[in-house]
Structure formats: C-alpha cells, structure tokens
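Visitor:
Protein chains in written order, with the numbering used here: chain A, 1 to 236; chain B, 1001 to 1272.
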C-alpha cells in the first residue's frame, strides 16, 4: 500500500486552477523529486500534501501507517528566521510540537529525541548556539533535525538548497541520501537543482500547470519531456 | 531624594498608576516578543490609534471608556491581523489608513463634542491620574490571563512565531494563536493607553523585545529579559517623572530608549 496516493488532483486558488490532472503515488522508500518551473503548481501541491490546502477535486490518501501530521516538513527559510533569537535546541525541539497530543510541555522522551537527531545531523555541539549566527548549511541541518523530530517515515523538502553554495548543497544532498538509504526514510523533494537531484531520485514528477510526467528516473531520462527539460537546464 | 521616593508611595493615585503600569508593561512585553519577531509591531501602533478614537467616542457619549474601547479595539485587532497576514506590504499601508482615520475621527469627535469633560492632551500623551480602582482590578485580571496563557502555550507560541508553515503542517492551529495574541494585545493597549497616551503606548510592546534581542540569543532569554526590562523601565520611568515633575508616559518611553541603548552597547562589546 502506498504512503501517499494522489488521484486526479485539481488544485486552485480563488477559483483559478493552478494545476490539474495530478496523479501519482509515493511508496515507502521512494525518493520522489517534484520538478517544474516557477508557478507550475509545486508549492501548491506541497501545501495540499500537508493538508493546508484542500484540493478542488480528486483525492489525497495516506496509507502504510502514514498520516498528514507525520510528514517531516522542511519549509523554505523565511525572512523572519534570519534575525530570530533562538537556540539550535529550541528550534529542533519545536519539531516535536505535532507529537504533543494534549500535553503542553516537552517531555523527557521528546528532549531525548531532539538530542538524538541533533547528534545525527552533526550539530550536537551547536545546541546552545544562536540559530541566526549559524552558516546557511548549518541552519539547514538544524531545520532537517527539526523535521526528523516530526517524522520517522517521510520527509517533505521544499527547495532545501535554496541560497546555499554548491559545496554545501552537495553535502546536504548526501545527508538526505544517507537518511533515505540507511534509515529507509521516504523523501519527497521540490527542487530546481536538477543535476544533483537526478543522482539520488528514484521517481520524478514534472509539473507545468498539469502533470507532464510521472515515473521512475530512468523513464524520465528516456522521455521526450525529460530530455528537453534537462537539456535546457544543462545549457543554462 | 529617597524621601521623595518614599513619599511617592503614599499617594493612592501613584500606587494605582504603578500597579496598573507594571502589570500592563509586563503583558505588553510578553506579547511584544511574538509581535516584534513576526514583524507585526505596526499592529500595536494601529490599535492604539483605534483605541484613541474609541475612547473619544465613549467620552463624548458619556459611556464607560473601557466598555466601549475594549470590544472595538479587539475587533480592530482581528481585522488588522487579517490585513497583515494577507499581504505584508499592502497590510502596512492598510494599517496606516485605518489608524490615521481612527485618530482623525477621535480628534473630530472630541472637538465637536467639546464642553464635555475631555482633555485631548491627556488622551494623546497620557495621564497618571487617569487610573481608577476599576482599572486596577481589570489589569490584575488581564495580566493573570496573559501570564497564564503565555506560560501554558509557551512552546506553541515559539513554534508559531518561529515558523508558521512548519507549525501549521504539524497540526498546530496557527490562526487561533495569532488571534489570541492579537486579542490580548488589544486589551493590554486599551488598559495602558490612558496612562501612557495613545501616541506612546505601543512603545511598551516594541521596546522591551527589541532591547532584549540586542543581548540575548535564545527565545527563552529574550522572553525573560523582556519581562524584566519592561517592569524595571516602567518603575524607573514613573519614579523619574515624579521626581522631575515630568509627564509619565514620555518618561517611561525615554527610559526604555536608554535601556535599549545600554543593551546595544553591551551587545556590541560582547561581539568584539
């Protein structure tokens, strides 16, 4: 059974269709990359997957033990966060917020969980450091640790390498690939960075107001649309 | 001088002003941390102008000021929040439109309804004589509510302030918390504005958080420091105003400015 199944999805804002005909599945252990130009409906699809935006028609169903709340989400960095006084530990701990139920404060278990993920992301020694004083790459590791606190199953990453230099981006990709391989975490990633993505992704979803392509990476590389898109990006 | 300070505490109006002021400063500072970090400080400013308009209408219509102003400003708070959420840039100018209009309406109502027992100057810039026993009771209730809710929802307030998208995706009801903060801010502003003045009350919201951010680097540090800075600055400011026979609201704001400069200096020294 698939973790996420989208069936003939139509997404719209204020009655204007952003994207339609979206039909794909994500199985446990997949690494799905969602590609497309700006305004192609990627962000709206992300919001829909998180349950923040109701589809106009079609359906999104979760299975295989996954619920919308258990998605480990890595949103894009906001302007507010660049200047935010918070320790690394405070940020990572806030990843446990969805695991609260009705309790109001962090439990010992959640604090241990946060410590564990900081360790795994190699930021344990930064726990007391101020988030805004970290480098871009370190900040992404902090936010990745936070996302991991929210999930053990599926990471949803929205342009995780935006604003990072190529070396740091590559490090982050290998960190994600490591989580995917060794911990069997399903990865769904929105990205512009085609070259890096093509190495790791197992499946590709290409959007342009509608679904242009969904299939495995190999099928995509052989397809007309894949060749055009990648060729265009390669020359750019 | 010490004698004069002791003498100050023998006047019931001073005690009332101090009591209300300390509690309102505390609430404003806690709410301010979230508002400042989310770039919503303009909301505080807008609300104080709406509050001025509401107070003016209440005075001319001879109604209880708090009973008129609190509901109007709470409604305005929801409205301003909506505007800011929809679009940052348009929200800014929309808030300016609403706040200047409310201010103009207030000035007009006061001058047309003249002869009534109103004093434009004390509304604009505050008066420490304005605090009644009712205000003290209300401030006590309000600050208890703000403190209780703030502590109770502390972790969620952090999550909502730091990253709305992530909090939303984790199932936190972000809109609810935003509305709660806006409503509490509205009540805080109405309670404090007759003492601090409509033009000056938003300083209590903005200053302590900004000051604390110069030195403290964790959310918890900023919250605790803001509360302390707010209370200390209010007491020092009011005491100075009593000793120097200066206006209370203005003295408190300038004390806050001094604290901010001091903290900036500490921050700079630490960095180098």
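Note that CB positions come from ideal geometry on N, CA and C, so glycine has one too.
(1) For residue 31 of chain A, which residues in chain B fall below 9 Å Cβ to Cβ?
(2) Can you list, in chain order, the residues of the segment 1166–1183 of chain B whose Cβ is nearer than 9 Å to any Cβ on chain A?
(3) By the 10 Å Cβ neighbour count, where 16 or more other Cβ atoms means buried, how is residue 214 of chain A classified, buried or exposed?
(4) Might you give, ordered along the chain, the residues of its own chain that have their beta carbon closer than 8 Å to the beta carbon of residue 235 of chain A, omitting 5 neighbours on each side?
(5) Assuming residue 118 of chain A contacts residue 145 of chain A (C-beta within less than 8 Å), just tell me the rounded distance between them.
(6) Are residue 185 of chain A and residue 155 of chain A closer than 8 Å when you measure CB to CB?
(7) Name the residues in the segment 1240–1269 of chain B whose C-beta lies less than 8 Å from a C-beta of chain A; which are they?
(8) Comparing the C-beta of residue 81 of chain A with each C-beta of chain B, is any distance below 8 Å?
(9) If we cut at 8 Å on Cβ distances, does residue 1144 of chain B have a partner in chain A?
(10) Determine, using beta carbons only, whether residue 231 of chain A comes closer than 8 Å to chain B.
(11) Would you say residue 84 of chain A and residue 5 of chain A are within 8 Å of each other, going by their C-beta atoms?
(12) Verify whether the separation of the beta carbon atoms of residue 95 of chain A and residue 149 of chain A is less than 8 Å.
(13) Do you know whose CA, among A/126, A/105, A/38, lies nearest residue 191 of chain A's CA?
(14) For the segment 1071–1079 of chain B against the segment 1176–1192 of chain B, are there 3 or more C-beta pairs whose distance is under 8 Å?
(15) Taking 7 Å as the limit between beta carbons, can you name the residues of its chain near residue 138 of chain A, skipping five residues before and five after?
(16) So residue 13 of chain A contacts chain B; which residues on that side make the cut at Cβ distance below 9 Å?
(17) Which residues share a DSSP beta bridge with residue 186 of chain A?
(18) Could you work out which residue in B/1047, B/1014, B/1158, B/1008 is closest to residue 104 of chain A when comparing CA atoms only?
(19) Write down every uninterrupted run of the alpha helix (DSSP H) in the segment 1034–1119 of chain B whose length is 4 residues or greater and which is fully enclosed by it, in chain order.
(20) Which same chain residues end up closer than 6 Å to residue 1196 of chain B when comparing Cβ atoms and leaving out the 5 residues on each side of it in sequence?
(21) Would you decide whether residue 1012 of chain B is buried or exposed? Buried here means 16 or more other CB atoms lie within 10 Å of its CB.
(22) Work out the CA separation of residue 197 of chain A and residue 2 of chain A for me, nearest whole Å.
(23) Name the chain B residues that come within less than 9 Å of residue 90 of chain A, Cβ to Cβ?
(24) Exposed or buried, which one is residue 1268 of chain B when buried takes at least 16 other CB atoms within 10 Å?
(25) Cutting at 8 Å between CB atoms, please list the residues of its own chain near residue 89 of chain A, excluding the five before and the five after it.
(26) If distances are taken between C-alpha atoms only, which option among B/1069, B/1120, B/1099 comes closest to residue 1107 of chain B?
(27) What's the C-alpha gap between residue 130 of chain A and residue 1222 of chain B?
(28) State yes or no: is the beta carbon of residue 50 of chain A nearer than 8 Å to at least one beta carbon in chain B?
(29) If you run the structure through DSSP and keep just helix, strand and coil, what is residue 35 of chain A?
(30) Ordered along the chain, which non-local residues of its own chain (more than five positions away) have a Cβ less than 6 Å from that of residue 1016 of chain B?
(31) Verify the CB distance criterion: does residue 97 of chain A have a CB-CB separation below 8 Å to chain B?
(32) Whose Cβ in chain A lies nearer than 9 Å to the Cβ of residue 1155 of chain B?
(33) Give the list of continuous alpha helix (DSSP H) stretches no shorter than 4 residues that lie fully inside the segment 1135–1180 of chain B.
(34) Using a Cβ-Cβ cut-off of 7 Å (strictly less than) and excluding sequence neighbours within five positions of residue 246 of chain A, which residues of its own chain qualify?
(35) One question on the structure: do residue 1172 of chain B and residue 1190 of chain B come within less than 8 Å of each other, judged by their Cβ atoms?
Guide: This is what the structure gives:
(1) For the purposes of this step, residue 31 of chain A is taken as residue 31 along the first chain, with counting starting at 1. Going along chain B, no residue has its Cβ under 9 Å from residue 31 of chain A, so there is no contact; the nearest lies around 20 Å.
(2) 1166, 1167, 1168, 1169, 1170, 1171, 1172
(3) Within the first chain, numbered from 1, the residue matching residue 214 of chain A stands at position 214. Buried, by the Cβ-count rule.
(4) Translated into the one-based positions of the first chain, residue 235 of chain A becomes position 235. Note that residue 235 of chain A scores 43 on pLDDT, short of 50, meaning its location in the model is unreliable and no value can be drawn from it.
(5) The residue labelled residue 118 of chain A in the question sits at position 118 within the first chain. The residue labelled residue 145 of chain A in the question sits at position 145 within the first chain. Correct: roughly 5 Å between the Cβ atoms.
(6) For this step, residue 185 of chain A is matched to residue 185 along the first chain. For this step, residue 155 of chain A is matched to residue 155 along the first chain. Yes, Cβ-Cβ distance for residue 185 of chain A and residue 155 of chain A is below 8 Å.
(7) none
(8) As a working mapping, residue 81 of chain A is identified with position 81 in the first chain. Answer yes: the Cβ-Cβ gap between residue 81 of chain A and chain B drops below 8 Å somewhere.
(9) Here residue 1144 of chain B corresponds to residue number 144 of the second chain, with the count starting at 1. Not one chain A Cβ lies under 8 Å of residue 1144 of chain B.
(10) The residue labelled residue 231 of chain A in the question sits at position 231 within the first chain. By this cut-off, residue 231 of chain A is not an interface position.
(11) Stepping through the first chain from its first residue, residue 84 of chain A is reached at position 84. Stepping through the first chain from its first residue, residue 5 of chain A is reached at position 5. No; because the gap between Cβ atoms is not below 8 Å, this pair is not in contact.
(12) On the first chain, residue 95 of chain A is found 95 positions in, with the first residue counted as 1. On the first chain, residue 149 of chain A is found 149 positions in, with the first residue counted as 1. Yes, these two residues count as a Cβ contact at 8 Å.
(13) Position 191 of the first chain, counting from 1, holds the residue named residue 191 of chain A. Taking only the C-alpha atoms, the option nearest residue 191 of chain A is A/38.
(14) yes
(15) Residue mapping note: residue 138 of chain A aligns to position 138 of the first chain, counting from 1. These residues qualify, in order along the chain: 123, 126.
(16) On the first chain, position 13 is the one that residue 13 of chain A refers to. Residues of chain B passing the Cβ test: none, with the nearest at roughly 13 Å.
(17) Along the first chain, read from residue 1 onward, the residue named residue 186 of chain A stands at position 186. DSSP, once it has assigned bridges, lists A/154 as partnering residue 186 of chain A.
(18) As a working note, residue 104 of chain A is residue 104 in the first chain. Among B/1047, B/1014, B/1158, B/1008, the Cα nearest to that of residue 104 of chain A belongs to B/1158.
(19) 1041–1060, 1065–1086, 1088–1112
(20) Within the second chain, the letter at position 196 stands for residue 1196 of chain B. Hits under 6 Å: 1126, 1249.
(21) Position 12 of the second chain, counted from the start, is the residue given in the question as residue 1012 of chain B. Counting Cβ neighbours within 10 Å, residue 1012 of chain B comes out exposed, since fewer than 16 surround it.
(22) Taking the first residue of the first chain as 1, we reach residue 2 of chain A at position 2. Taking the first residue of the first chain as 1, we reach residue 197 of chain A at position 197. Computed Cα separation, rounded: 22 Å.
(23) Working through the first chain from its first residue, we reach residue 90 of chain A at position 90. The contacting residues are 1158, 1162, 1218, 1219, 1220.
(24) Sequence index remark: in the second chain, residue 1268 of chain B carries index 268 (1-based). When all chains shown are included, residue 1268 of chain B counts as exposed.
(25) By 1-based counting over the first chain, the position of residue 89 of chain A is 89. Closer than 8 Å at the Cβ level, and outside the excluded window around residue 89 of chain A, lie 114, 118, 127, 128.
(26) The residue you call residue 1107 of chain B lines up with position 107 of the second chain. Taking only the C-alpha atoms, the option nearest residue 1107 of chain B is B/1120.
(27) Indexing the first chain from 1 puts residue 130 of chain A at position 130. Indexing the second chain from 1 puts residue 1222 of chain B at position 222. Between residue 130 of chain A and residue 1222 of chain B, the C-alpha separation is close to 12 Å.
(28) Mapped onto the first chain, residue 50 of chain A falls at position 50. Interface residue, yes.
(29) Indexing the first chain from 1 puts residue 35 of chain A at position 35. Reduced to three states, the DSSP call for residue 35 of chain A is strand.
(30) Within the second chain, residue 1016 of chain B is the residue found at index 16, counting from 1. Counting only Cβ-Cβ distances below 6 Å, and skipping sequence neighbours, we find 1131, 1136.
(31) Within the first chain, numbered from 1, the residue matching residue 97 of chain A stands at position 97. Chain B, which has a Cβ nearer than 8 Å to the Cβ of residue 97 of chain A, makes this yes.
(32) In the second chain, counting from the first residue as 1, residue 1155 of chain B sits at position 155. Per Cβ cutoff of 9 Å: 93, 94, 96, 97, 100, 104, 105, 106.
(33) 1154–1162, 1164–1169
(34) The structure shown does not extend to residue 246 of chain A, since chain A is modelled only from 1 through 236, so no value can be given for it.
(35) Taking the first residue of the second chain as position 1, residue 1172 of chain B is located at position 172. Taking the first residue of the second chain as position 1, residue 1190 of chain B is located at position 190. Cβ distance not < 8 Å, so residue 1172 of chain B and residue 1190 of chain B don't count as in contact.
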